[in-house]
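Colleague: The numbering of the first sequence is numbering that gives the first Met the number 0, which starts it at 0 and goes up by one. I'd like to ask you about the structure that follows.
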Amino acid sequence: MANIPGIPKGTRDFSPEILAKRNYIFDTIKEVFKKFAYKQLETPAIENLSTLTGKYGEEGDKLLFKILNSGNFLKNVSDTELHERNTTKMAHLVSEKGLRYDLTVPFARYVVQHQNEITFPFKRFQIQPVWRADRPQKGRYREFYQCDADIIGSNSLINELEIVQMIDEVFTKLNLKVTIKINNRKLLAGIAERIGHPDKLIDLTVAIDKLDKIGHEKVYEELRQSGFSEDGINLLEPILNFGGSFDDQMQCIEKFLGETDTGVTGIDEIQKLFTYIDLFKFNNNIQLDLTLARGLNYYTGAIFEVVSDEVQIGSICGGGRYDDLTGVFGLKDVSGVGISFGADRIYDVSENLNRFPEDVKTNVKLMFANFGEKEEKYCLHVLKNLRDSGISAEIYPESSKMKKQMKYANSNNIPFVAIAGENEMKENKFTLKNMQTGDQQLVTEEEMIILLS
RNA sequence: GUGGUUGUAGUUCAGUUGGUUAGAACAUCUGAUUGUGGUUCAGAGGGUCGUGGGUUCGAGUCCCAUCUUCCACCCCA
């Protein structure tokens, strides 16, 4: 036991059974992305630390996995610095690279780096793992996959609509019931402005976001601690007690925001988006949620979050519009909007609810039993022909006992076993056994191909 | 990063107030069955009890440290 190796915490092995189900999720998402005309991109797991730091806020920087420089990684560190043991200070001296934290920032880096080769608007999707040095817990891993789709270089709200459509289609295909929550950062900015603290947007959003988790009083308390005035907090009351129809909500927020510039634009954007949304039928709930504030700090317009209606696991998908993500890399005025599906959490939800289709488990259709040299030769040609016809098949690689071979087929969920011994070979046929029913029939190669296709 | 929790066979778990050689089920392998799996029966292999230290005549059991698991907070997919 003691000498059995393990893997770092928060990481997982994906056995074939699990991977089959994971691929089902990836394939579903990928198919939808492609249908909406997004093109696939991959970027390296490692980025320069300068690309990553400062993009995710203070917390995010702490959660970046940093890679120790190769060779003499202490060569830039002086003895006094070593003595001080200030780890944050020393980190950039011993590490120049880090593992990617999400897919959006590398995408922004890619866009800026290749701006002359890209025709805008640019739609790309990306399915790759990301790493966070977080402490693992339920639905939270240190290595997990994101499935991102972003369109960059277009301000049109049609893009927001398409994102909602993609979300709805993906979860419909996966047979999961979800609620798509929508909000707009500009509304939140307007609220911050209205209550006299336009500079404290982030503190406001972080606090508001916890509303349904910790309740009104605690939120107020947190706001007070962040330095919001009592008057301002009192003003928030009607916003936090939001409810009613979409029109009621809009009226309420409109009245509240009054003449604040950003607020008015926000109202305009939300109204337009919901006008688009009303043109179509959706399978999942879509709601305006003013308390939705999550999302990374770079979001500036619409924000999305998707939660399962059936399992409590946190958000399984999130995204939004960012007006200036590429700005930090020197490319101004390029707006984008994107979405990220959390494949690992979606897996957990599907697994929990048992929503994977039956046929994801197996794709091997047939196994040839192996009786020895002569029989092997007889089977191998037919095996090739089956494979050429697109049928996934294999031959048991050695002539072990029949029992062992049958057991192998059984535990691998192979639905058919072809048996050929002297009798079958004489007739140029095979005994085809259906592993589910146990039935056997004598067939020719051609009949077998037809039966299995 | 803060607080709590867990660790015994491949897996899920028993193991009494500290007392001989640490058990079960499932899984694996072998045989009953030399051309038939998923059911049955018989048998076998598999453990430095997470790791390191300590207390004790004696530790799976008590203490400390460390790693790991899971959970909550912060934050997030």
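For each residue, glycine too, the CB sits at the ideal point set by N, CA and C.
Counting along the chain, where does the alpha helix (DSSP H) carrying residue 86 start and finish?
Modeller: Within the first sequence, residue 86 is the residue found at index 87, counting from 1. Its alpha helix (DSSP H) spans residues 86-93.
Colleague: Please list the segments of the alpha helix (DSSP H) lying wholly inside the segment 62-121, counting only runs of 4 or more residues, in order along the chain.
Modeller: Here the runs fully enclosed are 78-83, 86-93, 103-112.
Colleague: With a Cβ-Cβ cutoff of 7 Å, do residue 92 and residue 110 count as a contact?
Modeller: Translated into the one-based positions of the first sequence, residue 92 becomes position 93. Translated into the one-based positions of the first sequence, residue 110 becomes position 111. It is not a contact, given that the beta carbons lie outside the stated cut-off.
Colleague: Measuring straight from C-alpha to C-alpha, what distance separates residue 148 and residue 23?
Modeller: Your numbering for residue 148 matches position 149 in the first sequence. Your numbering for residue 23 matches position 24 in the first sequence. Roughly 18 Å separates the two Cα atoms.
Colleague: Please report how far the alpha carbon of residue 313 lies from the alpha carbon of residue 407, in whole angstroms.
Modeller: Here the question's residue 313 lines up with position 314 in the first sequence. Here the question's residue 407 lines up with position 408 in the first sequence. Roughly 40 Å separates the two Cα atoms.
Colleague: Which runs of the alpha helix (DSSP H) at least 4 residues long sit entirely within the segment 325-397? Give them in chain order.
Modeller: Runs of the alpha helix (DSSP H) inside the segment 325-397: 342-352, 372-387.
Colleague: Between the segment 179-189 and the segment 279-289, do at least 3 Cβ pairs fall closer than 8 Å?
Modeller: Short answer: they touch.
Colleague: Quick one: using the 10 Å Cβ neighbour count with 16 as the cut-off for buried, is residue 167 buried or exposed?
Modeller: By one-based count along the first sequence, residue 167 stands at place 168. That one is buried.
Colleague: Using the Cα positions of residue 280 and residue 140, report the straight-line distance between them to the nearest angstrom.
Modeller: Along the first sequence, read from residue 1 onward, the residue named residue 280 stands at position 281. Along the first sequence, read from residue 1 onward, the residue named residue 140 stands at position 141. Straight-line Cα distance between these residues: approximately 35 Å.
Colleague: Grab the span of the beta strand (DSSP E) containing residue 148 for me, first residue to last.
Modeller: Walking along the first sequence from the start, residue 148 turns up at place 149. From DSSP, the beta strand (DSSP E) with residue 148 extends over 142-151.
Colleague: Would residue 413 and residue 366 be called neighbours here (beta carbons separated by less than 7 Å)?
Modeller: Within the first sequence, residue 413 is the residue found at index 414, counting from 1. Within the first sequence, residue 366 is the residue found at index 367, counting from 1. Yes, the Cβ-Cβ distance between residue 413 and residue 366 is below 7 Å.
Colleague: Below 8 Å, how does it come out for the segment 45-57 and the segment 97-104: are there three or more Cβ pairs, yes or no?
Modeller: In short, these stretches touch, since the Cβ pair count reaches three.
Colleague: Would residue 28 pass as a contact of residue 340 if the rule is Cβ separation under 7 Å?
Modeller: To locate residue 28, count along the first sequence from 1; it is residue 29. To locate residue 340, count along the first sequence from 1; it is residue 341. Yes, these two residues count as a Cβ contact at 7 Å.
Colleague: Count the other CB atoms, across all protein chains shown, that sit within 10 Å of the CB of residue 370; report buried if there are 16 or more and exposed otherwise.
Modeller: In the first sequence, residue 370 corresponds to position 371, counting from 1. Buried: at least 16 other Cβ atoms inside 10 Å.
Colleague: Say whether the segment 305-312 touches the segment 220-227, bearing in mind that this needs 3 or more beta-carbon pairs closer than 8 Å, one atom from each stretch.
Modeller: The segment 305-312 is not in contact with the segment 220-227.
Colleague: When every heavy atom of the ligand ZN is checked, does at least one fall within less than 6 Å of the C-beta of residue 120?
Modeller: This structure does not include the ligand ZN; it has no bound ligands of any sort.
Colleague: Pull up the distance between the alpha-carbon of residue 353 and that of residue 26, whole angstroms please.
Modeller: One-based indexing of the first sequence puts residue 353 at position 354. One-based indexing of the first sequence puts residue 26 at position 27. Rounded to the nearest angstrom, the two C-alpha atoms are 18 Å apart.
Colleague: Look at the alpha carbon of residue 301 and the alpha carbon of residue 351, and state the distance between them as a whole number of angstroms.
Modeller: For the purposes of this step, residue 301 is identified with residue 302 of the first sequence, where counting begins at 1. For the purposes of this step, residue 351 is identified with residue 352 of the first sequence, where counting begins at 1. Going by the C-alpha atoms only, they are around 31 Å apart.
Colleague: Residue 264 to residue 256, Cα distance in whole Å?
Modeller: What you label residue 264 is simply residue 265 of the first sequence in a count that begins at 1. What you label residue 256 is simply residue 257 of the first sequence in a count that begins at 1. One C-alpha to the other measures close to 11 Å.
Colleague: Could you give the distance in angstroms between the alpha-carbon of residue 423 and the alpha-carbon of residue 430?
Modeller: Here the question's residue 423 lines up with position 424 in the first sequence. Here the question's residue 430 lines up with position 431 in the first sequence. Each residue's alpha carbon lies about 7 Å from the other.
Colleague: Run through the segment 295-329 for me and flag every whole beta strand (DSSP E) of 3 or more residues, listed as ranges in chain order.
Modeller: Within the segment 295-329, the complete beta strand (DSSP E) runs of at least 3 residues are 301-307, 314-321.
Colleague: What residues in its chain sit with their C-beta under 8 Å from that of residue 217, if we drop five residues either side in the sequence?
Modeller: Working through the first sequence from its first residue, we reach residue 217 at position 218. The residues are 209.
Colleague: Helix, strand or coil: how does DSSP classify residue 123 here?
Modeller: Position 124 of the first sequence, counted from the first residue, corresponds to residue 123. Of the three classes helix, strand and coil, the one that applies to residue 123 here is strand, per DSSP.
Colleague: Quick check: the Cα distance between residue 153 and residue 335, rounded to an integer number of angstroms?
Modeller: On the first sequence, position 154 is the one that residue 153 refers to. On the first sequence, position 336 is the one that residue 335 refers to. Using only the alpha carbons, I get a separation of about 6 Å.
Colleague: So the candidates are 432, 254, 363, 421; which of them puts its Cα closest to the Cα of residue 193?
Modeller: The residue labelled residue 193 in the question sits at position 194 within the first sequence. Ranking 432, 254, 363, 421 by Cα distance to residue 193 puts 254 first.
Colleague: Count the other C-beta atoms from every protein chain shown that fall within 10 angstroms of the C-beta of residue 6, then say buried if there are 16 or more, exposed otherwise.
Modeller: Position 7 of the first sequence, counted from the start, is the residue given in the question as residue 6. Flag for residue 6 reads exposed.
Colleague: How about residue 299 and residue 321: are their beta carbons less than 7 Å apart?
Modeller: Position 300 of the first sequence holds residue 299. Position 322 of the first sequence holds residue 321. Yes, Cβ-Cβ distance for residue 299 and residue 321 is below 7 Å.
Colleague: Let me know if residue 343 comes out buried or exposed under the rule of 16 or more other beta-carbons within 10 Å of its beta-carbon.
Modeller: Position 344 of the first sequence, counted from the start, is the residue given in the question as residue 343. Buried.
Colleague: Per the DSSP calculation, residue 178 is bridged to which residue(s)?
Modeller: Here residue 178 refers to the residue found at position 179 of the first sequence. DSSP, once it has assigned bridges, lists 284, 306 as partnering residue 178.
Colleague: Kindly indicate which residue of 372, 244, 332 has the alpha-carbon position closest to the one of residue 395.
Modeller: Here residue 395 corresponds to residue number 396 of the first sequence, with the count starting at 1. Looking at the Cα atoms, 372 is the closest of the given residues.
Colleague: In the segment 14-71, which residue ranges form an unbroken alpha helix (DSSP H) of at least 4 residues, counting only runs that do not cross its ends?
Modeller: Runs found: 15-34, 48-51, 56-61.
Colleague: Quick test of your reading: residue 52 and residue 63, contact by CB under 8 Å. State the CB separation rounded to the nearest angstrom.
Modeller: Position 53 of the first sequence, counting from 1, holds the residue named residue 52. Position 64 of the first sequence, counting from 1, holds the residue named residue 63. Yes, residue 52 and residue 63 are in contact; Cβ-Cβ is about 7 Å, under 8 Å.
Colleague: In the DSSP assignment, find the unbroken beta strand (DSSP E) run with residue 209 in it and report its ends.
Modeller: Here residue 209 refers to the residue found at position 210 when the first sequence is read from its first residue. Careful: residue 209 lies outside any beta strand (DSSP E) and carries neither H nor E.
Colleague: Going along the chain, which residues of its own chain have a beta-carbon closer than 6 Å to the beta-carbon of residue 17, five neighbours each way excluded?
Modeller: Counting from 1 along the first sequence, the entry for residue 17 is found at position 18. Counting only Cβ-Cβ distances below 6 Å, and skipping sequence neighbours, we find nothing.
Colleague: Between which residues of its own chain and residue 444 is the CB-CB distance below 6 Å, once the five residues before and five after are set aside?
Modeller: Numbered from 1 along the first sequence, position 445 holds the residue referred to as residue 444. Answer for residue 444: 381, listed in chain order.
Colleague: Could you give the distance in angstroms between the alpha-carbon of residue 103 and the alpha-carbon of residue 448?
Modeller: Counted from its first residue, the first sequence places residue 103 at position 104. Counted from its first residue, the first sequence places residue 448 at position 449. Distance between the alpha carbons of residue 103 and residue 448 is about 47 Å.
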